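Notes to accompany the following structure.
Residue numbers (the working numbering): 107 to 267.
Here you go:
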């Protein structure tokens, strides 16, 4: 296998691993805080629970698909930017889950989600430059992170600790 091919395979594997860690880690922490979460005053713009159940499978699937597309089609710089931004986004999103559901640190959790949303912007740009459709299918993920950030801030404002 050539160095370029090895780099592409490694980038695809890292992208898929990040999605698996993201889904597993966030799911673990979110499920730990269910009783506490239900006791909080909700922001009035919170969507029904079913929306969360529809959004996350789409988001995780598209992150994996686009990660493989970027890994196989982007140049080395594009792959590097994708992996750095994706890693930061996942770490920040997992930080939100831990801060919100385990530590109950609501304002820091909202800040962590804002970082995740900001880190998604270069991901979207790299995806768009690689294949325009790949950037388009990530727009709902970015919008979802923005909504989640506003919800996290809404929870923090309504539930002072």
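No residue lacks a Cβ here, since even glycine has one placed at the ideal position from N, Cα and C.
Quick caveat: nothing in here was measured; it's all calculated off a predicted structure.
Legend entry - Selected residue, minimal CA-CA separation from residue 192, among 215, 154, 232: Your numbering for residue 192 matches position 86 in the chain shown. Taking only the C-alpha atoms, the option nearest residue 192 is 232.
Legend entry - Check: residue 125 C-beta below 7 Å from any heavy atom of the ligand FMN: For the ligand FMN, the structure offers nothing, since it holds no ligand at all.
Inset, instruction - To the nearest angstrom, report how far apart residue 195 and residue 213 are at their CA atoms. - result: Here residue 195 refers to the residue found at position 89 when the chain shown is read from its first residue. Here residue 213 refers to the residue found at position 107 when the chain shown is read from its first residue. Cα to Cα, the separation comes out at about 18 Å.
Legend entry - Rounded straight-line distance, which links the Cα of residue 265 to that of residue 113: For the purposes of this step, residue 113 is identified with residue 7 of the chain shown, where counting begins at 1. For the purposes of this step, residue 265 is identified with residue 159 of the chain shown, where counting begins at 1. Rounded to the nearest angstrom, the two C-alpha atoms are 46 Å apart.
Legend entry - Length of the line joining the Cα atoms of residue 175 and residue 267: Looking up residue 175 in the chain shown gives position 69. Looking up residue 267 in the chain shown gives position 161. Near 43 Å, if we compare the C-alpha coordinates of residue 267 and residue 175.
Legend entry - Length of the line joining the Cα atoms of residue 118 and residue 173: By one-based count along the chain shown, residue 118 stands at place 12. By one-based count along the chain shown, residue 173 stands at place 67. About 6 Å.
Inset, instruction - Flag this pair as yes or no: are the beta carbons of residue 255 and residue 184 separated by less than 8 Å? - result: Against the chain shown, residue 255 aligns to sequence position 149. Against the chain shown, residue 184 aligns to sequence position 78. Not a contact, by the Cβ cut-off of 8 Å.
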